[in-house]
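Below: the structure, in structure tokens.
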Amino acid sequence: MSEKDQILARVREALTSPAPHPGDAHTNPQPASALPPSNNSRQWLPAVGETFQDRLELFQKNAASLKADFYLVERWEEASGVLGKLRDQEGWQCVGAHKGDLTDAACAALGLPVCRTDHPYDVAALESCDAGITECDALVAQTGSVLVTSRSAGGRALSVLPPHHVVLARREQLLPDLLAAFELLKRKYSDNYPSFISFITGPSRTGDIERVLVLGAHGPKKLSIICF
Amino acid sequence: MNTFAAQFREQSLRLTRDLRHRLLIQNALGKYETQRDHRKAAFQDWQSARQAAAEIKWEAINHLDVHLQDFVSRIEARGTVVHWASTAAQARDIIIGIVRDSKARSIIKSKAMTSEEIHLNEALEEAGFEVVESDLGEFIVQLRKEAPYHIVFPAMHLTRGDISELFTRELGSAPTQNPEDLTMIARRVLRQKYINADVGLTGANFPIAETGMISITENEGNARLTAALPKVMISLLGIEKVLPRLEDLALFLPLLATAGTGQPLTCYNSLYGGPRRADESDGPEEFHVVLLDNHRTELLADAEQRDALHCIRCGACLNVCPIFRNVGGHTYGTTYSGPIGSVITPHLRGLQDWKHLSYSSSLCGASTETCPVKINLHHHLLQNRRNASRQKPSRIEKFAFRTYAAIVNRPGLYHLVKKAGRVLQKLHPLVRGTRADPAYGWTKTRDLPPIARQTFKEYWKDRNIK
Chain A
1 MSEKDQILAR
11 VREALTSPAP
21 HPGDAHTNPQ
31 PASALPPSNN
41 SRQWLPAVGE
51 TFQDRLELFQ
61 KNAASLKADF
71 YLVERWEEAS
81 GVLGKLRDQE
91 GWQCVGAHKG
101 DLTDAACAAL
111 GLPVCRTDHP
121 YDVAALESCD
131 AGITECDALV
141 AQTGSVLVTS
151 RSAGGRALSV
161 LPPHHVVLAR
171 REQLLPDLLA
181 AFELLKRKYS
191 DNYPSFISFI
201 TGPSRTGDIE
211 RVLVLGAHGP
221 KKLSIICF
Chain B
229 MNTFAAQFRE
239 QSLRLTRDLR
249 HRLLIQNALG
259 KYETQRDHRK
269 AAFQDWQSAR
279 QAAAEIKWEA
289 INHLDVHLQD
299 FVSRIEARGT
309 VVHWASTAAQ
319 ARDIIIGIVR
329 DSKARSIIKS
339 KAMTSEEIHL
349 NEALEEAGFE
359 VVESDLGEFI
369 VQLRKEAPYH
379 IVFPAMHLTR
389 GDISELFTRE
399 LGSAPTQNPE
409 DLTMIARRVL
419 RQKYINADVG
429 LTGANFPIAE
439 TGMISITENE
449 GNARLTAALP
459 KVMISLLGIE
469 KVLPRLEDLA
479 LFLPLLATAG
489 TGQPLTCYNS
499 LYGGPRRADE
509 SDGPEEFHVV
519 LLDNHRTELL
529 ADAEQRDALH
539 CIRCGACLNV
549 CPIFRNVGGH
559 TYGTTYSGPI
569 GSVITPHLRG
579 LQDWKHLSYS
589 SSLCGASTET
599 CPVKINLHHH
609 LLQNRRNASR
619 QKPSRIEKFA
629 FRTYAAIVNR
639 PGLYHLVKKA
649 GRVLQKLHPL
659 VRGTRADPAY
669 GWTKTRDLPP
679 IARQTFKEYW
689 KDRNIK
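Residue numbers (this note's numbering), protein chains in the order written: chain A, 1 to 228; chain B, 229 to 694.
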């Protein structure tokens with residue numbers, strides 16, 4: 001018998017005696033329970049507001065408390081203006097990016113050398129970039145998160161290796177909560193999931209030294225979200 | 229007393245008196261408590277969220293065979309190699325085998341308590357490989373050649389001064405009192421390690437049965453780099469961690485962050501479903517998942533304590549435990565410390581050797597109250613006490629209770645003993661607090677109240693006469 005079969009046999013053997021149901025340790029064990037519907041959790045998790053405007057404001061508020069920079073602009077021209085300002089302020093020499101409508105337009109506006117991560121690339125070159133510019137799958141109002149996948153955001157490293165991660169998003173990508181984000185992932189990818197999916201919630205951080213918050217532990221020190 | 233118990237007792241005595249240690253722990257956990265309460269208050273209904281999480285975990289654990297097989301068949305379908313290990317030794321051998329096959333020399337690791345459980349680092353180093361912990365706290369304790377102090381805050385017992393000294397000694401950096409500078413020193417050192425590493429090793433928080441992915445929760449980005457840069461990725465996880473549905477994460481991720489660190493969500497919550505795909509530009513060429521039993525099925529067979537396998541390793545029970553807060557994490561001498569460690573260690577490493585941990589509890593119930601998946605922790609400690617004494621009864625206790633029963637069943641004798649006690653207690657001050665004191669075990673740290681001059685029975689009798 002293989003190790004797998006042995007472990008599974010032990011699991012089945014162990015489960016022949018029923019365990020008390022959560023919350024009633026002192027009453028009789030109950031037969032198999034059905035899972036509670038997953039969308040039940042919506043009524044218990046932090047509230048997100050009814051309207052789009054509420055959710056936009058919530059995202060803004062969450063981003064601020066996470067120390068992410070959120071730029072809400074009306075038109076693309078303003079978005080590329082924000083990018084130009086970041087480039088000049090931080091003295092960018094080179095950026096990483098992937099192929100996409102928004103990222104291509106951003107790279108054109110910046111006029112800097114670009115390290116592309118659509119095809120196998122040199123890790124050292126990406127590491128020396130001043131910023132990584134990506135698109136995303138969604139913004140999540142409830143938590144202030146950016147949802148990225150290896151398909152929407154240029155692979156696994158682009159959004160974590162350079163010291164500044166810039167996300168380009170459209171207003172209609174704003175979702176109310178995590179449940180909606182998982183529903184979106186299923187709708188979009190269920191027949192063919194990308195190998196990497198991540199919820200990015202603020203710039204990289206640590207509190208491992210005396211619980212003092214430090215940004216940029218291993219990932220980006222800065223996270224800028226430009227939404228138009 | 230066995231050596232583990234003796235060591236626990238000796239270290240507890242030392243650390244409860246260590247004011248510097250107490251101050252550090254109070255500071256760190258005080259900050260945690262404020263943040264956690266703030267985030268809990270943002271939930272519309274925290275208690276119902278806990279109940280739902282407990283029910284989902286109940287389903288996952290009580291149909292573990294089904295969910296495990298679903299998880300494995302789906303993640304294998306995307307080209308992941310899944311390995312099964314019944315014991316710690318098997319898991320170590322499997323991982324060393326993968327590392328050897330890939331002709332690797334250096335390994336970068338993100339935080340994984342299961343790897344501490346099987347003492348993986350020592351085994352890899354013995355086999356001739358370089359292993360570097362990349363989580364800042366783990367990196368610090370690795371440099372100090374120590375075990376993590378806490379399952380979520382590994383370096384909670386150190387000051388910035390300690391860490392500066394350590395970095396100066398081990399890394400040759402300039403001394404600094406600034407946590408940000410210290411973090412940047414580690415960042416610089418570890419960046420190179422990521423780029424040069426051949427193998428990335430991670431743990432996992434939640435394997436998902438429905439989609440065949442593993443979810444990894446972190447704040448620093450070290451797990452993401454570990455899963456992005458090396459050409460081989462290995463994830464070691466306990467078989468009990470599986471969740472049935474992808475959407476369950478919508479509840480578990482905020483719950484884990486709130487209970488674990490007092491955050492609404494940790495910085496990175498990533499799902500990995502396989503190695504790099506043909507249409508992808510980076511990520512590992514090989515992805516191995518190692519599923520570890522290591523006595524988990526034995527705990528599973530104990531229906532009464534099966535819910536201990538619901539644990540999501542948030543560390544909340546450690547943070548609120550009055551024992552943990554006084555004796556600290558290393559005193560336990562176990563991979564998992566605090567209340568959850570005291571419950572599961574006897575199952576993982578032997579009841580008789582570790583039963584003393586069941587008594588390192590004030591039975592206040594704070595851990596049960598705080599556990600986000602409602603594990604009945606303090607009752608399980610009582611059950612471990614019962615099981616231990618049932619398995620190996622104490623002769624002294626047996627004798628004591630038999631004598632007691634013999635006395636209280638004979639009213640005349642009982643009366644006599646009470647009278648004798650009253651007289652003998654007058655002599656007690658002569659020996660109190662010395663080894664000659666028959667009640668030394670009690671009186672060295674506690675008072676013995678005086679026996680009343682009159683018993684209730686005597687009082688009642690007198691009252692009736694009048």
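Just so it is clear, CB atoms sit at the ideal spot from N, CA and C, and this is done for glycine as well. Since this is a predicted model, take the numbers as computed values, not measurements.
Q: Compute the beta-carbon to beta-carbon distance between Ile436/B and Leu520/B, rounded to the nearest angstrom, for a pair I have assumed lies under 8 Å.
A: Here residue 436/B is taken as the residue at index 208 of the second sequence, counted from 1. Here residue 520/B is taken as the residue at index 292 of the second sequence, counted from 1. In fact, because the Cβ distance is near 18 Å, the residues do not count as touching under 8 Å.
Q.
To the nearest angstrom, how far is the alpha carbon of Phe357/B from that of Gln60/A?
A. Numbered from its first residue, the second sequence carries residue 357/B at position 129. Numbered from its first residue, the first sequence carries residue 60/A at position 60. Taking the straight line joining both Cα atoms gives about 46 Å.
Q: Scan the stretch 472 to 489 of chain B for residues whose Cβ lies nearer than 7 Å to a Cβ of chain D and list them as they occur along the chain.
A: Among the protein chains in the structure shown, which are A and B, there is no chain D.
Q: Please go through the same chain and pick out, in chain order, the residues whose beta-carbon is closer than 8 Å to the beta-carbon of Pro29/A, but skip the five residues on each side of it.
A: Translated into the one-based positions of the first sequence, residue 29/A becomes position 29. Per-residue confidence for Pro29/A stands at a pLDDT of 47, beneath the threshold of 50, marking its modelled position as unreliable; the derived number appears in the next sentence. Correct list, in chain order: Pro18, Ala19, Pro20, His21.
Q) For Phe199/A, which beta-bridge partners are listed by DSSP? A) The residue you call residue 199/A lines up with position 199 of the first sequence. Bridge partners of Phe199/A: Leu147/A, Asn497/B.
Q.
Alpha carbons only, please: which of Gly561/B, His538/B, Ser565/B, Leu364/B is nearest the one belonging to Pro550/B?
A. Reading the second sequence from its first residue, position 322 is the one you call residue 550/B. For Pro550/B, the nearest C-alpha among the options comes from Ser565/B.
(Q) Taking a contact to mean a Cβ-Cβ separation below 8 Å, would you say Asp177/A touches Val73/A in this structure? (A) Working through the first sequence from its first residue, we reach residue 177/A at position 177. Working through the first sequence from its first residue, we reach residue 73/A at position 73. Their beta carbons are not under 8 Å apart, which means Asp177/A does not touch Val73/A by this criterion.
**Q.** Buried/exposed call for Leu676/B, threshold 16 Cβ in 10 Å
**A.** In the second sequence, the residue the question calls residue 676/B occupies position 448. Around the beta carbon of Leu676/B, fewer than 16 other beta carbons lie within 10 angstroms, which makes this residue exposed.
**Q.** Segments of 4+ residues assigned as alpha helix (DSSP H) that fall wholly inside the stretch 271 to 302 of chain B
**A.** With a minimum length of 4 residues, the unbroken runs of alpha helix (DSSP H) contained wholly in the stretch 271 to 302 of chain B fall at 274 to 290.
Q. Is Ala138/A helix, strand or coil when you go by DSSP?
A. By 1-based counting over the first sequence, the position of residue 138/A is 138. Of the three classes helix, strand and coil, the one that applies to Ala138/A here is strand, per DSSP.
Q: Could you tell me whether the stretch 436 to 450 of chain B touches the stretch 359 to 366 of chain B, using the rule of 3 or more Cβ pairs below 8 Å?
A: Segment contact: the stretch 436 to 450 of chain B against the stretch 359 to 366 of chain B, three or more CB-CB distances shorter than 8 Å; contact assigned.
**Q.** Gly488/B in three-state terms, based on DSSP
**A.** For the purposes of this step, residue 488/B is identified with residue 260 of the second sequence, where counting begins at 1. It is helical.
**Q.** Buried versus exposed, by CB contacts within 10 Å (16 or more), Ala32/A
**A.** Taking the first sequence and counting its residues from 1, one reaches residue 32/A at position 32. Residue confidence for Ala32/A is low, a pLDDT of 49 falling below 50, so the modelled location carries little weight and cannot support an answer.
Q. What residues from the stretch 636 to 661 of chain B come within 9 Å of chain A, judged by C-beta to C-beta, listed N to C?
A. none
Q) When burial is assigned at 16 or more other CB atoms within 10 Å of the CB, is Gln370/B buried or exposed? A) The residue you call residue 370/B lines up with position 142 of the second sequence. Result: buried.
Q | Opening and closing residue of the alpha helix (DSSP H) in which Pro435/B lies | A | Residue 435/B sits at position 207 when you count from the first residue of the second sequence. Segment 434 to 436 is the beta strand (DSSP E) holding Pro435/B; no alpha helix (DSSP H) there.
Q.
What are the residues in the stretch 36 to 56 of chain A lying within 9 Å of chain B by C-beta distance?
A. Pro36, Ser38, Asn39, Asn40, Ser41, Arg42, Gln43, Trp44, Leu45, Pro46, Ala47
Q. Per DSSP, Cys115/A is paired with what?
A. Within the first sequence, numbered from 1, the residue matching residue 115/A stands at position 115. Note: Cys115/A sits in a beta bridge opposite Gly96/A.
Q: For Asn28/A, name the three-state secondary structure that DSSP assigns.
A: Along the first sequence, read from residue 1 onward, the residue named residue 28/A stands at position 28. For Asn28/A, the predicted structure reports a pLDDT of 46, less than 50, and the residue's modelled location is therefore unreliable. A value from the coordinates is still provided. Coil, per DSSP.
**Q.** Beta-carbon proximity of Ile540/B to Leu484/B, cut-off 8 Å
**A.** As a first step, residue 540/B must be located in the second sequence, where it is residue number 312. As a first step, residue 484/B must be located in the second sequence, where it is residue number 256. Contact: yes.
Q: Find out if the Cβ-Cβ distance for the pair Ser392/B, Ala432/B is shorter than 8 Å.
A: By 1-based counting over the second sequence, the position of residue 392/B is 164. By 1-based counting over the second sequence, the position of residue 432/B is 204. In this structure, Ala432/B does not lie closer than 8 Å to Ser392/B by Cβ.
Q | Every unbroken alpha helix (DSSP H) within the stretch 500 to 588 of chain B, with a cutoff of 4 residues, ordered by chain | A | Listed in chain order, the complete alpha helix (DSSP H) runs (minimum 4 residues) inside the stretch 500 to 588 of chain B are 524 to 529, 544 to 548, 550 to 555, 566 to 577, 579 to 582.
Q | For Gly511/B, the nearest candidate out of Arg151/A, Ala105/A, Asp130/A, Gln43/A (CA to CA) | A | Along the second sequence, read from residue 1 onward, the residue named residue 511/B stands at position 283. Measuring from the Cα of Gly511/B, the nearest candidate turns out to be Arg151/A.
Q | Cβ neighbour criterion (16 or more within 10 Å) applied to Asn259/A | A | Outside the modelled stretch of chain A, which goes from 1 to 228, sits residue 259/A, for which no answer is possible.
Q.
Could you check whether the stretch 158 to 175 of chain A touches the stretch 78 to 95 of chain A, counting it as contact only if at least three pairs of C-beta atoms, one from each stretch, sit closer than 8 Å?
A. Cβ pair count under 8 Å is three or more, so yes.
Q: Would you mind stating whether Val123/A and Cys136/A have Cβ atoms separated by less than 8 Å?
A: The residue given as residue 123/A occupies position 123 in the first sequence. The residue given as residue 136/A occupies position 136 in the first sequence. The answer is no: Cβ separation not under 8 Å.
Q | Ser334/B, enclosing beta strand (DSSP E) - first and last residue | A | Stepping through the second sequence from its first residue, residue 334/B is reached at position 106. It spans 334 to 337 - the beta strand (DSSP E) in which Ser334/B sits, taken as one unbroken run.
Q: Could you check which residue in Ser41/A, Glu127/A, Lys222/A has the C-alpha nearest to that of Ala280/B?
A: Within the second sequence, numbered from 1, the residue matching residue 280/B stands at position 52. Nearest option by C-alpha distance: Ser41/A.
Q. Hey, does Ala217/A have any beta-carbon neighbour from chain B nearer than 8 Å?
A. Here residue 217/A refers to the residue found at position 217 when the first sequence is read from its first residue. True, the Cβ-Cβ gap to chain B drops below 8 Å.
**Q.** Contact residues within the stretch 191 to 213 of chain A, judged by C-beta distance below 8 Å to chain B
**A.** Tyr193, Pro194, Ser195, Phe196, Ile197, Ser198, Phe199, Ile200, Thr201, Gly202, Pro203, Ser204, Arg205, Thr206, Gly207, Asp208, Ile209, Glu210, Arg211, Val212
Q) Who are the neighbours of Ser145/A on chain B, taking C-beta pairs under 7 Å? A) If you number the first sequence from 1, residue 145/A lands on position 145. Neighbours of Ser145/A on chain B, chain order: Leu493.
**Q.** 6 Å CB neighbourhood of Gly307/B in its chain, flanking five on each side removed
**A.** Mapped onto the second sequence, residue 307/B falls at position 79. Cβ within range, chain order: Gly502, Pro503.
Q. Along the stretch 411 to 431 of chain B, what residues have a CB closer than 9 Å to any CB found in chain A?
A. Thr411, Met412, Ala414, Arg415, Leu418, Arg419, Tyr422, Ile423
**Q.** DSSP three-state assignment for Tyr193/A, whether helix, strand or coil
**A.** In the first sequence, the residue the question calls residue 193/A occupies position 193. Residue state, collapsed to three classes: coil.
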